[in-house]
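Residue numbering for the sequence shown follows this note's numbering, starting at 24 and increasing by one per position. All residues carry an ideal CB built from backbone N, CA and C; glycine is no exception.
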Amino acid sequence: MWLLRIIWSFVLDFIETIVVSLAIFVLVYLFLFQPHQVDGRSMEPNFQNGEYILTDKVSYRLREPKRGEVVVFHSPQDEKVDFIKRIIAVPGDTVMVKGGYVYLNGTKLQEPYINDPGNVSPGKFLRDGVEVDVPSGQYIVMGDNRLHSSDSREWGFITPNEIVGRSFFRYWPFTVFGLIEETEINPTF
Numbered sequence: 024m025w026l027l028r029i030i031w032s033f034v035l036d037f038i039e040t041i042v043v044s045l046a047i048f049v050l051v052y053l054f055l056f057q058p059h060q061v062d063g064r065s066m067e068p069n070f071q072n073g074e075y076i077l078t079d080k081v082s083y084r085l086r087e088p089k090r091g092e093v094v095v096f097h098s099p100q101d102e103k104v105d106f107i108k109r110i111i112a113v114p115g116d117t118v119m120v121k122g123g124y125v126y127l128n129g130t131k132l133q134e135p136y137i138n139d140p141g142n143v144s145p146g147k148f149l150r151d152g153v154e155v156d157v158p159s160g161q162y163i164v165m166g167d168n169r170l171h172s173s174d175s176r177e178w179g180f181i182t183p184n185e186i187v188g189r190s191f192f193r194y195w196p197f198t199v200f201g202l203i204e205e206t207e208i209n210p211t212f
């Protein structure tokens, strides 16, 4: 009889450990961090197809997104699909694509994080030579691989409600394991 109690106690402890672990995992996944896989070439050379990243879901509850941050958000065309892009402009900014370059608040952006500066094509939303003012609660995002990215140039602004979070950690492949470097985009006025 005592052996049955010991086995039963062990089974209950094991089940309790599994339930608590699952509860912690679900809470972390829903409220703190979420894994994402980079799908496609739109963020090359900084993010490669197939890499895995962690997205911080807390930061933007405490503060506004900043220029240069890499964010994961729900696609404006299909909310079941998540995109990863870089925030180029925040509320109050003026953006223009002209002659292959991005201008922010009248200043040509220096973008050391992209391979082909001067090779930015306009889109349906951001047309060549036309300034666009970013309204309150809206953001302009672009992929780092401008020639192979569907982004705000085509479909316009994204809202905070569409943003899942800030990409902050890369964990696969192991050769790129570590924190994602922050990039500042600060035009001079």
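- Runs of the beta strand (DSSP E) lying entirely within the stretch 154 to 202 and spanning at least 3 residues, in chain order: 163 to 165, 186 to 195.
- Under the Cβ criterion (8 Å, minimum of three pairs), the stretch 74 to 86 counts as touching the stretch 182 to 197.
- When DSSP reads this structure, Lys108 sits in a beta bridge with Val94.
- Remark: C-beta atoms of Arg176 and Phe197 do not approach each other more closely than 8 Å.
- Contact between the stretch 138 to 146 and the stretch 104 to 114 is not established, with fewer than three Cβ pairs separated by less than 8 Å.
- Among the bridge pairs identified by DSSP, Met119 is matched with Tyr126.
- Setting aside the 5 residues that flank it on each side, Trp178 is surrounded in the same chain by Pro99, Gln100, Phe148, each with a C-beta closer than 7 Å to its C-beta; the list follows chain order.
- The count of Cβ pairs closer than 8 Å, one atom from the stretch 44 to 56 and one from the stretch 152 to 167, stays below three, leaving the stretches out of contact.
- For Gly63, the closest of Ala46, Met24, Gly166 by C-alpha to C-alpha distance is Gly166.
- When C-beta atoms of the stretch 104 to 123 are compared with those of the stretch 85 to 94, three or more pairs fall below 8 Å, so the two segments count as touching.
- Secondary structure of Phe148 (DSSP, three-state): coil.
- The beta strand (DSSP E) runs lying completely inside the stretch 56 to 103 and spanning 3 residues or more are 56 to 60, 75 to 79, 93 to 97, given in chain order.
- Taking every protein chain shown into account, the CB of Phe37 has fewer than 16 other CB atoms within 10 angstroms, so this residue is exposed.
- Counting along the chain, Leu45 sits inside the alpha helix (DSSP H) bounded by residues 25 to 54.
- Within its own chain, the residues whose Cβ lies closer than 6 Å to the Cβ of Ser82, once the five positions on either side in sequence are excluded, are Arg189, listed in chain order.
- Linking Val49 to Ile137 through their CA atoms gives a straight-line distance of about 36 Å.
- In this structure, Asp151 lies near Val120, with their beta-carbon atoms less than 8 Å apart.
- The alpha-carbon separation between Asp139 and Gln133 amounts to approximately 11 Å.
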